[in-house]
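For the sequence shown, the working numbering begins at 2 and goes up steadily by one. Cβ coordinates follow ideal geometry from the N, Cα and C atoms, glycine included. Keep in mind that this is a model prediction, so the values were computed, not measured.
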Amino acid sequence: MKRLWLILCLLLITGSVAALGVYRVATLSVTHALERFIAALPPGTTFTYRRARPSFLVRGVTLHDVTFRQGRRAFHARVIRLGHPQYLTHGQLSLSSLLLKDADYGTPQLQLSLERIYFQHLLIPAGRPLLEESDQATASMQSLAEVMRFDPARLATLQFSRLQLLQAAVTFTDNAPSATRSAEMPAPFALKTLTLKDFALEGYGVGTRVQAQLDGLDLTATARLTSLAQLSPVSLPLLLGQPGISQPSLGQPGANQSAVPPTPVAALPSENALQTAPNRPFQLHLDWFTLRDGEMHLLKHPFRGDFHLARRFWQAPAQVLWTDPGNLSWGGLKLRFGTEPDAPQFGVDHMIAIRRQEAANLRTEAQVRGFHFRSNTPLPFPVNGAASTLRFSELSTLPEGGNGQWSSDVSLRLNVREAGEIVVEAQTQAPARLPGFFLAPEDVARRAEKAAFARQSRISSLVISERGDRLIDLIMLALQFRQPDMPASEIRHSLVTTLNQLALTRPLLAPLADYLLNPQNRTLKVAFGALTLEDLHNLPLNSAPEALFDALHLTALTTSLPDR
Numbered sequence: 002m003k004r005l006w007l008i009l010c011l012l013l014i015t016g017s018v019a020a021l022g023v024y025r026v027a028t029l030s031v032t033h034a035l036e037r038f039i040a041a042l043p044p045g046t047t048f049t050y051r052r053a054r055p056s057f058l059v060r061g062v063t064l065h066d067v068t069f070r071q072g073r074r075a076f077h078a079r080v081i082r083l084g085h086p087q088y089l090t091h092g093q094l095s096l097s098s099l100l101l102k103d104a105d106y107g108t109p110q111l112q113l114s115l116e117r118i119y120f121q122h123l124l125i126p127a128g129r130p131l132l133e134e135s136d137q138a139t140a141s142m143q144s145l146a147e148v149m150r151f152d153p154a155r156l157a158t159l160q161f162s163r164l165q166l167l168q169a170a171v172t173f174t175d176n177a178p179s180a181t182r183s184a185e186m187p188a189p190f191a192l193k194t195l196t197l198k199d200f201a202l203e204g205y206g207v208g209t210r211v212q213a214q215l216d217g218l219d220l221t222a223t224a225r226l227t228s229l230a231q232l233s234p235v236s237l238p239l240l241l242g243q244p245g246i247s248q249p250s251l252g253q254p255g256a257n258q259s260a261v262p263p264t265p266v267a268a269l270p271s272e273n274a275l276q277t278a279p280n281r282p283f284q285l286h287l288d289w290f291t292l293r294d295g296e297m298h299l300l301k302h303p304f305r306g307d308f309h310l311a312r313r314f315w316q317a318p319a320q321v322l323w324t325d326p327g328n329l330s331w332g333g334l335k336l337r338f339g340t341e342p343d344a345p346q347f348g349v350d351h352m353i354a355i356r357r358q359e360a361a362n363l364r365t366e367a368q369v370r371g372f373h374f375r376s377n378t379p380l381p382f383p384v385n386g387a388a389s390t391l392r393f394s395e396l397s398t399l400p401e402g403g404n405g406q407w408s409s410d411v412s413l414r415l416n417v418r419e420a421g422e423i424v425v426e427a428q429t430q431a432p433a434r435l436p437g438f439f440l441a442p443e444d445v446a447r448r449a450e451k452a453a454f455a456r457q458s459r460i461s462s463l464v465i466s467e468r469g470d471r472l473i474d475l476i477m478l479a480l481q482f483r484q485p486d487m488p489a490s491e492i493r494h495s496l497v498t499t500l501n502q503l504a505l506t507r508p509l510l511a512p513l514a515d516y517l518l519n520p521q522n523r524t525l526k527v528a529f530g531a532l533t534l535e536d537l538h539n540l541p542l543n544s545a546p547e548a549l550f551d552a553l554h555l556t557a558l559t560t561s562l563p564d565r
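So, in structure tokens, the structure goes:
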């Protein structure tokens, strides 16, 4: 028995001595590696850590309270763990895993904080040409030191099988675009803050397929209205929080004037409005986002200063962001323009898109479900379209893409306060290649490009249905005819008179008169002919109602009797 205890004690002592020796050798290896890394850092760089110890479970090293400073850039992490580092040829460095906890990074332009970031199978390419006398260890440490410069273009060259971020937050302190960017392509948005609850990316730089998943994205930014004015001046009232439709007087008609109230005229923001409110804050929230079996072009070189790539983005965003077959989906999109309690809001419940290759073409099919909208002006009521769907498809020619045409089937079931349910069904077609809205200068060729896009984008088979006796209320709300100096009853009477006169002068509108007499539980359907964006832009909003109805290309107006 004593001999057995003696053998066990001897084995324990031998094992302890061996473990101490292994730990000592590992500690020396860690010390030498850190010395090589510090020697490879650029002049003027400060790198400190409180403790470094081997991590045998991952065959690597763990650093505590790491601080890195270079000029006005500072990085700090409570824990950094490198798993199984390997020095490869040509100065590459391979890590089976890389874990950072409670990391912070700051520059004069941004502040970044991360609760956790984890890489699997990380490959750091060589940073610069190697000297002939450099050994693999020194060259690999030089590559790691190059990454610690935190240059976006250098970080984009990393390769990994999986990346996961938890609780990331970015605050942008300076987003002024460069002079070249301002002259060539005005930046329409300036990011302010960005937060992520969870983000995972697989296959970056490895193979040709990327899978990404995102949960809980919140973003705040500022819209530069002077740049957005090139895109859609009509949408600017929503961002400015100003009425988009004028409120004309509904006074008594004169000798040469009919009893028809004047038609409202769309009011575009004045030059003074853009000068006094050049920027408009907005917030974006996304519940989740998934991309599978696809490849995002911008993930190849996301920080490359490629003006031609930026130009192609504004002309064919779907093709630039997402180039290969795969499927993409997201849900819970919410946009809020402004910080006021009644600021305009827009939301989409769910979207799924599938892209597949057919011979030399890419076919994209997508479905969007659930639309929600609220605005104080020019539509002062919320719209709930949870039961609405939008299906669209596009066939483009490889490799550039964007040469095809988008076609869609629209089925909207909108619940509007004070107006009940409105059903809108239509088909649309539009070129996949957009005109360069955000590209300056606005020359003759650019105007011709926009005009061609407006002529080629059309809405066909448009049918609008409204049930019940709330049609007048809907028109009154949409056109903002409520004036403080005129009772609502007089406004309603004037509108009914206008519609009745239209029914008398336009035989196509004859069912409207009967509907106005007895609208209870009846459904009114209005069908329109083909309308292009050019037609909608040139609507005679300041002309007589007869001219407006003619320009809308009405083809049918029917009413259904109440259900028995």
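Applying the 10 Å Cβ sphere with the 16-neighbour rule, what's the burial state of residue i?
| i | result |
| --- | --- |
| T429 | buried |
| S141 | buried |
| R546 | The question names Arg, but residue 546 is Pro in the sequence shown. Buried is the call here. |
| A360 | exposed |
| L5 | exposed |
| A169 | buried |
| I81 | buried |
| A41 | buried |
| S389 | buried |
| P153 | exposed |
| V349 | buried |
Expressed to the nearest angstrom, what Euclidean distance is found between the alpha-carbon atoms of residue i and residue j?
| i | j | result |
| --- | --- | --- |
| A53 | R337 | 47 angstroms |
| L534 | A452 | 9 angstroms |
| Q71 | R150 | 8 angstroms |
| S114 | R364 | 40 angstroms |
| P43 | R37 | 12 angstroms |
| A180 | H77 | Here the model assigns A180 a pLDDT of 37, short of 50, so the residue's position is not dependable, and the following value carries that caveat. Roughly 32 angstroms separates the two Cα atoms. |
| P234 | H65 | Since pLDDT at P234 reaches only 45, below the 50 mark, its modelled position is unreliable, and no value is offered. |
| Q143 | N362 | 44 angstroms |
| A387 | L509 | 33 angstroms |
| D536 | S561 | 30 angstroms |
| S98 | G421 | 57 angstroms |
| I353 | A367 | 6 angstroms |
| I604 | H91 | What the structure shows of the chain is the stretch from 2 to 565, and residue 604 is not part of that stretch, so it cannot be assessed. |
| E426 | R414 | 9 angstroms |
| K193 | L166 | 20 angstroms |
| L145 | G128 | 8 angstroms |
| L1 | R117 | Here the chain covers residues 2 to 565 and nothing more, so residue 1 does not appear. |
Reducing DSSP to helix, strand and coil, say where residue i ends up.
| i | result |
| --- | --- |
| Y516 | helix |
| G72 | coil |
| V59 | coil |
| G339 | coil |
| D536 | helix |
| F550 | helix |
| A78 | strand |
| H494 | helix |
| N416 | strand |
| A170 | strand |
| G92 | helix |
| R1 | No answer is possible for residue 1: the residues shown for the chain start at 2 and end at 565. |
| P282 | strand |
Leaving aside the five residues before and after residue i along the sequence, list all residues of the same chain whose C-beta is less than 7 angstroms from its C-beta, in chain order.
| i | result |
| --- | --- |
| F550 | L503 and R507 |
| L35 | A53 |
| L292 | V211, Q212, A213, G327 and L329 |
| I396 | The identity of residue 396 in the sequence shown is Leu, whereas the question assumes Ile. For L396, where only same-chain residues beyond five positions count, the Cβ hits under 7 angstroms are N362, R364 and G405. |
Please state whether the Cβ-Cβ distance between residue i and residue j is less than 9 angstroms.
| i | j | result |
| --- | --- | --- |
| A201 | L164 | yes |
| V417 | P383 | yes |
| F161 | F120 | yes |
| N522 | R468 | yes |
| V31 | T49 | no |
| T196 | P282 | no |
| Y205 | A138 | no |
| G567 | L285 | Given that the chain is displayed from residue 2 to residue 565, the structure contains no residue 567 and the question cannot be resolved. |
| L124 | L96 | yes |
| L500 | V527 | no |
| P55 | T63 | yes |
Counting only the same chain and skipping the five closest in sequence on each side, list residues whose C-beta sits under 6 angstroms from that of residue i.
| i | result |
| --- | --- |
| G107 | A75 |
| R375 | Q346 and P383 |
| S461 | Q428 and A531 |
| G252 | The predicted position of G252 is uncertain, since its pLDDT is 37 and thus under 50; a value taken from the coordinates is nonetheless stated next. Excluding positions up to five away in sequence, the list is empty. |
| L525 | E467, Y516 and T560 |
Tell me which residues share the same chain as residue i and place their Cβ nearer than 8 angstroms to its Cβ, disregarding the 5 neighbours each side in the sequence.
| i | result |
| --- | --- |
| L553 | F529, L532 and L540 |
For the ligand PLP, is there a heavy atom less than 8 angstroms away from the beta-carbon of residue i?
| i | result |
| --- | --- |
| L99 | This structure lacks the ligand PLP, and indeed carries no ligand of any kind. |
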